[in-house]
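Engineer: Can you keep this structure in mind? I'll have questions shortly.
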Amino acid sequence: MFIESFKVESPNVKYTENEIHSVYGYETTEVVHENRNGSYQWIVKPKTVKYDFKTDTRVPKLGVMLVGWGGNNGSTLTAGVIANKEGISWATKDGVQQANYFGSLTQASSIRVGSYNGEEIYAPFKSLLPMVNPDEVVFGGWDISDMNLADAMARARVLDIDLQKQLRPYMERMVPLPGVYDPDFIAANQGSRANSVIKGTKKEQVDHIIKDMREFKEKNKVDNVVVLWTANTERYSDVVVGLNDTMENLLASVEKNESEISPSTLYAIACVLEGIPFINGSPQNTFVPGLIELAVSRNCLIGGDDFKSGQTKMKSVLVDFLVGAGIKPTSIVSYNHLGNNDGMNLSAPQTFRSKEISKSNVVDDMVASNGILFEPGEHPDHVVVIKYVPYVADSKRAMDEYTSEIFMGGKNTIVMHNTCEDSLLAAPIILDLVLLAELSTRIQFKAEGEGKFHSFHPVATILSYLTKAPLVPPGTPVVNALSKQRAMLENILRACVGLAPENNMILEYK
Amino acid sequence: MFIESFKVESPNVKYTENEIHSVYDYETTEVVHENHNGTYQWVVKPKTVKYEFKTDTRVPKLGVMLVGWGGNNGSTLTAGVIANKEGISWATKDKVQQANYFGSLTQASSIRVGSYNGEEIYAPFKSLLPMVNPDDVVFGGWDISDMNLADAMARARVLDIDLQKQLRPYMEHMVPLPGIYDPDFIAANQGSRANSVIKGTKKEQVDQIIKDMREFKEKNKVDKLVVLWTANTERYSDVVVGLNDTMENLLASVEKNESEISPSTLYAIACVLEGIPFINGSPQNTFVPGLIELAISKNCLIGGDDFKSGQTKTKSVLVDFLVGAGIKPTSIVSYNHLGNNDGMNLSAPQTFRSKEISKSNVVDDMVASNGILFEPGEHPDHVVVIKYVPYVGDSKRAMDEYTSEIFMGGKNTIVMHNTCEDSLLAAPIILDLVLLAELSTRIQFKAEGEGKFHSFHPVATILSYLTKAPLVPPGTPVVNALSKQRAMLENILRACVGLAPENNMILEYK
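Here the protein sequences line up with chains A and B, keeping their order. Everything in the first sequence is counted per our numbering, starting at 1 for the first residue and increasing by one. Everything in the second sequence is counted per our numbering, starting at 511 for the first residue and increasing by one.
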């Protein structure tokens, strides 16, 4: 059975006017290697750590500024939110299509809350904690192309033509602010698009971004702003001692107008200096060590990298399933072809390299988790190819071949072909990222022994479900397996309302 | 990092000479619909139920009797266990292939135990609790074909020829006992194979099975037996009031030699009367209501139905992933072709119908869990086709097309082709089923308020991960999503050693 909403009643949860306060027993283990009766053994010591969570339930008016607002993702997301808010529908040969949020974890997925008369009870994911309603979000942003959002939507060739017609009046007066453009970081083929750029030194560009964000906030009377990069994939920037390895060096490099500081890092600096959450939806290393240090010192949320929406999302499901079943993937080959602007930009070797890295590391943790299948250092052959094929436009095609070893020398080959509008998968992911990042800033917690409440570590690992290459605090584990990432996120939000993690045991019926 | 074994140290766990005793807090919820301030609201009340678990750590000498021992699965499993035990390897053009247990959850998968110096620590699944070592299992069983196991292995055309040669001496003296043959229940094309059958009335057949099991147990000096059906898929038997709807009626029908009582149900009756766990690896309704009642009254473990090894296993991963991401599957079409004896048997419409049912219901629970995507009663179109193509032998080919609706009217199409030796996927599943069923019989527990320890409900739902159509106690939920089934099993075994469920939160790093 599906219910719309619920309230939690428990001695461990208190709802006040502005807060949900929960006391939570976090179950974890301490693992040690100790001498027992003359030999070294691994000892696992279960331990319960008491946590307090405080969630501010006052949902702010949220402004979202997208870098690359006029791109396929930006225009599609803006259009989709308007269509949902206005209840727009459009005729197709198959029937009348309603606007929806399919593909969004927060808007269209569900969680299990328990059993009622022997029936399983589910509720919407967003009913866990108060979150921003997409209807209320104000969109804005920057783009190196000056095209208004209605024209940008047409240029994208993603949405149904009848829908585009209905949306035009809402979108034709939305014009992106000029963006930071550095031809050294993206493909040369993007040059023809760049007719609306912020001039000046890098320092001046950062100041300009800051000014843009302040004006946007004031003009639109929003309480909070979140910024997200959905612009071109850049090439990696070199990480060089003295250049961008520390907070001081990075800021000094900006002052010195150092060429190796990328546009995406400049946006990130501007946001962190203003305490505005910044999310990187592309694979490049925007978050150089100096930027991470800056964000940590300012306690400003950063998250990324690279939207996980299609082929890699599937891979992080399949490989987890195979390894979890004791089957050994030995060769993974992934081909993609697409014809949108992202594809055109990625046809340059340097920008492709950023993507190749983010798409290839996704199996590493799952491989390392099973020492029966894989020797230390052993891993499947893994190759990723992306080709630019103008004709298919936004309708990305992914073709994958997974070869695995099964029982007694047998081989299993899985071949997959996947086709869909790339932006229709990515746009809901963007919505999830900004909504979850905003929610995350309203949660404070402390472990037993800690004196004061504090926010999450600025590097927002709970966004892992939505990214191909999850950014994590230095020295902490990277988790790519999709079901584990979803569990991580869901269970943390459950903790905030005093619900234990979903254990799937259904012990009462056994 | 991967460790081989571990011990749990905690005030909640006690290891004695013969037992592991754990005190466990089971976190669940009570969901109620109550009037609060004048309106009805759903209220979720977290609740902790104290459980105690007692696991007998004395691993018995186990005998496994397979119905259909001479089939592809039976001969492949027997061969594989011998090869692993004897450390047999064989040369192929690619390398020297070692025997292994890839594809077995118990032998080849891993679990997370915690973190050590910031690194994730994993251990083998079987290290959770003492389980039977496959090396020590004694195999036996019945078959309607009198072929010895070495010839049966050759007939199956599954294993490498060089391996078969090495295994022949071990297997040529293994001859199955005559089996129960009823041509009304399987395809007519099986008739030519049936040259070793138990004669007599159904009552006499049940008695013969019981005699066979007692003799096997004594001759091989095994402490315990498990019986598993891996023979032909039968047609469904009609469930008729007065015939097989209650325990008494079922046993009376056997006395009366009623034609609608199937061979598989006869085997199940024999096992239940002897207190021997019985598992159904095919899709037919062996477990008619009368049989379930009999098993409950005798507190004898039964489990099933239909090994989940390939196409449906992937389906129970994919659909769970899509729905969990807020994407709506609308059409699922699954084609299979295979040329082994299972395929030949399934080419008869009635036996195919059993398989069609077990393969088609697998998405029902996942669909019902998300009321945002699916209206009540709404479900994807779902078609399953199985064709008999002699040439491909045991190398089953599965071709699937999944169509889903994504954001704003977009469509996503996934096409998959899957190829591998069917028996090499199924044999490890059989091993898991018998080992986990045996382990399950060594676990006793009680919830707070219960006076005495008791075993699990005889209908073994913890085997769900391994079956396409999990048999559950009447009136309890069916769970098909693979990750949930795996979590169910793992978390229950963790509870037995005082480990909390894996929550994936890694809160210490956030």
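Just so you know, even glycine gets a beta-carbon here, dropped at the ideal spot from N, CA and C.
Would you check if the distance between the CB atom of A957 (chain B) and the CB atom of Y561 (chain B) is smaller than 8 Å?
Structural biologist: Going by C-beta atoms, A957 (chain B) is nearer than 8 Å to Y561 (chain B).
Engineer: Here's the rule I'm using: 16 or more other beta-carbon atoms within 10 Å means buried, otherwise exposed. How should R193 (chain A) be labelled?
Structural biologist: It is buried - the Cβ of R193 (chain A) has at least 16 other Cβ atoms within 10 Å.
Engineer: Going by other Cβ atoms of all chains shown within 10 Å of its Cβ, with 16 needed for buried, is K825 (chain B) buried or exposed?
Structural biologist: The residue is buried, with at least 16 neighbouring Cβ atoms inside 10 Å.
Engineer: Determine the burial state of T602 (chain B): buried for a count of at least 16 other Cβ atoms within 10 Å of its Cβ, exposed for fewer.
Structural biologist: Looking at its Cβ environment, which holds fewer than 16 other Cβ atoms inside 10 Å, T602 (chain B) is exposed.
Engineer: Return the residue from the list A:K315, A:V32, A:E255 that minimises the CA-CA distance to G628 (chain B).
Structural biologist: Of A:K315, A:V32, A:E255, the residue nearest in Cα terms is A:V32.
Engineer: Extract the residue ranges of the beta strand (DSSP E) inside the stretch 601 to 644 of chain B, only unbroken runs of 3 or more that lie entirely within it.
Structural biologist: Taking only runs of at least 3 residues, the beta strand (DSSP E) segments lying wholly in the stretch 601 to 644 of chain B are 606 to 608, 620 to 626, 629 to 634.
Engineer: Around the Cβ of P556 (chain B), are there at least 16 other Cβ atoms within 10 angstroms (buried) or fewer (exposed)?
Structural biologist: With 16 or more other Cβ atoms within 10 Å, it is buried.
Engineer: Report yes if the CB atom of S950 (chain B) is closer than 8 Å to the CB atom of A970 (chain B), and no otherwise.
Structural biologist: Taking 8 Å as the Cβ cut-off, S950 (chain B) and A970 (chain B) qualify as a contacting pair.
Engineer: Can you find a CB in chain B that lies within less than 8 Å of the CB of A325 (chain A)?
Structural biologist: Yes, because at least one Cβ of chain B sits closer than 8 Å to the Cβ of A325 (chain A).
Engineer: Could you list which residues in chain B have their beta carbon closer than 8 Å to that of Y15 (chain A), in chain order?
Structural biologist: Per Cβ cutoff of 8 Å: no residues; Y15 (chain A) is ~12 Å from chain B at best.
Engineer: According to DSSP, is A123 (chain A) helix, strand or coil?
Structural biologist: DSSP places A123 (chain A) in strand when its eight states are reduced to three.
Engineer: Evaluate A91 (chain A) with the Cβ neighbour count: other Cβ atoms within 10 Å of its Cβ, from every protein chain shown; 16 or more gives buried, anything less gives exposed.
Structural biologist: Under this definition A91 (chain A) is an exposed residue.
Engineer: So, D830 (chain B) versus A991 (chain B), is the Cβ gap smaller than 8 Å?
Structural biologist: Taking 8 Å as the Cβ cut-off, D830 (chain B) and A991 (chain B) qualify as a contacting pair.
Engineer: Terminal residues of the continuous beta strand (DSSP E) containing T28 (chain A)?
Structural biologist: Element bounds for T28 (chain A): 19 to 36.
Engineer: Please name the residues in the stretch 35 to 47 of chain A whose beta-carbon is closer than 7 Å to at least one beta-carbon of chain B, in chain order.
Structural biologist: So the close ones are Q41, W42, I43, V44, K45, P46.
Engineer: Could you tell me how far apart the beta carbons of I806 (chain B) and P938 (chain B) are, in whole angstroms, since I believe they sit closer than 8 Å?
Structural biologist: Contact flag wrong, Cβ pair sits at about 30 Å.
Engineer: So L153 (chain A) contacts chain B; which residues on that side make the cut at Cβ distance below 8 Å?
Structural biologist: Sequence check: residue 153 (chain A) is Met here, not Leu. Here the premise fails: no neighbours, minimum Cβ distance about 11 Å.
Engineer: Quick check on the DSSP output: the beta strand (DSSP E) that includes S515 (chain B) runs from which residue to which?
Structural biologist: Note, S515 (chain B): premise wrong, no beta strand (DSSP E); not H, not E.
Engineer: Near T840 (chain B), which residues of its chain fall below 8 Å by C-beta distance, leaving aside the five closest residues on each side in sequence?
Structural biologist: Closer than 8 Å at Cβ, skipping near neighbours: P890, D891, T913, S914, E915.
Engineer: Over the uninterrupted alpha helix (DSSP H) stretch that includes Q794 (chain B), give me the two end residues.
Structural biologist: Segment: none, Q794 (chain B) is in no alpha helix (DSSP H) and carries neither H nor E.
Engineer: To the nearest whole angstrom, what separates the beta carbons of K517 (chain B) and Q41 (chain A), a pair I think is in contact under 8 Å?
Structural biologist: Yes, they are in contact, since the Cβ atoms of K517 (chain B) and Q41 (chain A) sit about 6 Å apart, within 8 Å.
Engineer: Sort B:T558, B:H543, B:T616, B:G548 by Cα distance to L999 (chain B) and report the nearest one.
Structural biologist: Of the listed residues, the one whose Cα sits closest to L999 (chain B) is B:T616.
Engineer: Taking the straight line between their C-alpha atoms, what separation do you get for K452 (chain A) and L424 (chain A)?
Structural biologist: Using only the alpha carbons, I get a separation of about 42 Å.
Engineer: Whole beta strand (DSSP E) runs in the stretch 311 to 364 of chain A with 3 or more residues, listed along the chain?
Structural biologist: Those beta strand (DSSP E) runs which fall completely within the stretch 311 to 364 of chain A and span 3+ residues are 328 to 338.
Engineer: Cβ of Y536 (chain B) within 8 Å of Cβ of V554 (chain B)?
Structural biologist: Cβ distance not < 8 Å, so Y536 (chain B) and V554 (chain B) don't count as in contact.
Engineer: Give me the DSSP bridge partner(s) of C420 (chain A).
Structural biologist: A:K396, per the DSSP bridge assignment.
Engineer: So is H21 (chain A) in contact with chain B if we call contact Cβ pairs under 8 Å?
Structural biologist: It does not; no Cβ of chain B falls within 8 Å.
Engineer: Out of A:S5, A:L439, A:T312, which one is the CA nearest neighbour of Y122 (chain A)?
Structural biologist: Considering only alpha carbons, the answer is A:S5.
Engineer: Which residues does DSSP pair with M575 (chain B) in a beta bridge?
Structural biologist: For M575 (chain B), which the question treats as bridged, DSSP gives the partners B:G650, B:V737.
Engineer: Quick test of your reading: K571 (chain B) and D645 (chain B), contact by CB under 8 Å. State the CB separation rounded to the nearest angstrom.
Structural biologist: That belief does not hold up - the Cβ atoms of K571 (chain B) and D645 (chain B) are roughly 11 Å apart, past 8 Å.
Engineer: Taking the alpha carbon of V533 (chain B) as the point to measure from, which residue in B:T861, B:E1012, B:L1003, B:L1017 has its own alpha carbon closest?
Structural biologist: When each option's Cα is compared against that of V533 (chain B), the closest is B:L1003.
Engineer: Say whether chain A places a C-beta atom closer than 8 Å to the C-beta of P787 (chain B).
Structural biologist: No, because no Cβ of chain A sits closer than 8 Å to the Cβ of P787 (chain B).
Engineer: Report buried or exposed for H208 (chain A), applying the criterion of at least 16 other Cβ atoms within 10 angstroms of its Cβ.
Structural biologist: Result: buried.
Engineer: Using a cut-off of 8 Å between C-beta atoms, extract the partners of S10 (chain A) located in chain B.
Structural biologist: Per Cβ cutoff of 8 Å: K555, P556.
Engineer: Does D365 (chain A) pass the burial test, meaning 16 or more other C-beta atoms within 10 Å, or should it be called exposed?
Structural biologist: Flag for D365 (chain A) reads buried.
Engineer: Could you give the DSSP three-state label for N851 (chain B): helix, strand or coil?
Structural biologist: Correct three-state label for N851 (chain B): helix.
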